[in-house]
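Visitor: Residue numbers (this note's numbering): 3 to 318.
The structure is given below, and queries will be raised subsequently.
Shown next as structure tokens:
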């Protein structure tokens, strides 16, 4: 397979996943703001931190108001990580590999991009936001399911699988890191709302129902961390994502270095005594996992992708 084709498929998967993830965290945060008392609400700034886009946001907007953050994350084409930009990038990468992926792929992504762009103004309103974001999430899931069910599970699909699961793994640990730091204060007045806050962590990853089925306990810090970091069964759990990447990599040549990075990351997360990690130690631990993902992405680029810049760099 040509390295450029492999790279485009990899980024196609990452951008579809990113569009879905970004839409979901905006939706969940809107509900969290409504559920917590005035003066104790986390506000909207944590979402900018979560996406790692503080510098860019601060250059464009004077304050982290609800409307500014929602616009930046959903429809601002100056933000390469917004849902609209992510769908544009996904569409252009799908265009490059139209002969490799199912024919419907580009059509589905294009239709979703047209919806996201055409209904953006409605999506920025409090009244229209929920339906707008719900449609984007459902559309992204439809594309992911269509690819899984109609694309041959060959080398091309392996790169799709790697991209999707690396994006999921990164979002999972970012949500844990930022949400626990910004929402889960030890202040006594916040204790009655701790359950709501941890529920928002789970819901940001569509994990609430599966957590309740598996844990059969109320939502608390340690069981949530174990579920999101160490479980093998849940698709957005960090360890599960690593296992999925590993399975795909086993089918590819020149995988020795990437497999070594994966093995070390899997061992680190499984051996972690999460009960002993207070907030600062948890932050350091998550940083180490993020570095492992960055090393893995760099190794994939070195082993499989072209050195010259991709032609798809900026959203239209």
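In this text, a Cβ means the ideal position worked out from N, Cα and C, and glycines have one as well.
Because the structure is a prediction, the values reported are computed rather than measured.
With 16 other CB atoms within 10 Å as the buried threshold, where does residue 4 fall?
Guide: Against the chain shown, residue 4 aligns to sequence position 2. Burial call: exposed.
Visitor: On the CB-based measure, 16 or more other CB atoms within 10 Å of its CB, does residue 199 come out buried or exposed?
Guide: By one-based count along the chain shown, residue 199 stands at place 197. By the 10 Å Cβ count, residue 199 comes out buried.
Visitor: How do the segment 141–151 and the segment 98–108 stand: do at least 3 beta-carbon pairs fall below 8 Å, yes or no?
Guide: In short, these stretches touch, since the Cβ pair count reaches three.
Visitor: If we call anything under 8 Å between Cβ atoms a contact, is residue 111 one with residue 92?
Guide: In the chain shown, the residue the question calls residue 111 occupies position 109. In the chain shown, the residue the question calls residue 92 occupies position 90. Contact: yes.
Visitor: Could you check what DSSP says for residue 190 in three-state terms: helix, strand or coil?
Guide: Here the question's residue 190 lines up with position 188 in the chain shown. Here residue 190 scores only 49 on pLDDT, less than 50, and its place in the model is too uncertain to base an answer on.
Visitor: Within its chain, find whatever has a CB closer than 6 Å to the CB of residue 313; leave out the 5 residues flanking it on each side and keep chain order.
Guide: Locating residue 313 in the chain shown gives position 311, where the first residue counts as 1. Confidence is the limiting factor: at residue 313 the pLDDT is only 48, short of 50, which leaves the residue's position unreliable and the question unanswerable from this model.
Visitor: Which whole-angstrom value describes the C-beta separation of residue 12 and residue 240, a residue pair presumed to lie in contact below a C-beta threshold of 8 Å?
Guide: For the purposes of this step, residue 12 is identified with residue 10 of the chain shown, where counting begins at 1. For the purposes of this step, residue 240 is identified with residue 238 of the chain shown, where counting begins at 1. In fact, because the Cβ distance is near 19 Å, the residues do not count as touching under 8 Å.
Visitor: Is it buried or exposed, residue 64, if we count other Cβ atoms within 10 angstroms and call 16 or more buried?
Guide: By 1-based counting over the chain shown, the position of residue 64 is 62. Residue 64 should be labelled exposed.
Visitor: With a threshold of 7 Å on Cβ separation, who are the neighbours of residue 58 within its own chain once the five nearest residues in sequence on each side are excluded?
Guide: Counted from its first residue, the chain shown places residue 58 at position 56. Counting only Cβ-Cβ distances below 7 Å, and skipping sequence neighbours, we find 81.
Visitor: Is it a yes or a no for the segment 217–237 touching the segment 252–269, going by three-plus beta-carbon pairs under 8 Å?
Guide: No: fewer than three Cβ pairs fall under 8 Å.
Visitor: Excluding the 5 residues preceding and the 5 following residue 188 in the sequence, name in chain order all residues of the same chain whose CB lies nearer than 6 Å to its CB.
Guide: Translated into positions along the chain shown, residue 188 becomes position 186. Bear in mind that the predicted position of residue 188 carries a pLDDT of just 49, short of 50, making it unreliable; the figure below should be weighed with that in mind. Closer than 6 Å at Cβ, skipping near neighbours: no residue.
Visitor: Within 8 Å, do at least three Cβ pairs link the segment 32–50 to the segment 217–227?
Guide: Touching, no.
Visitor: In whole angstroms, what is the alpha-carbon distance linking residue 88 and residue 9?
Guide: The count along the chain shown starts at 1 and reaches residue 88 at position 86. The count along the chain shown starts at 1 and reaches residue 9 at position 7. Going by the C-alpha atoms only, they are around 16 Å apart.
Visitor: Leaving out the 5 sequence neighbours to the left and right, which residues in its chain are closer than 7 Å to residue 167 when beta-carbon positions are compared?
Guide: One-based indexing of the chain shown puts residue 167 at position 165. Closer than 7 Å at Cβ, skipping near neighbours: 243, 246, 247.
Visitor: Out of 98, 126, 137, state which residue places its alpha-carbon closest to the alpha-carbon of residue 115.
Guide: Counting from 1 along the chain shown, the entry for residue 115 is found at position 113. If we check each option's Cα against that of residue 115, 137 comes out closest.
Visitor: Can you name, in chain order, every residue of its own chain whose Cβ lies under 6 Å from the Cβ of residue 133, other than the five neighbours on each side?
Guide: Within the chain shown, numbered from 1, the residue matching residue 133 stands at position 131. Hits under 6 Å: none found.
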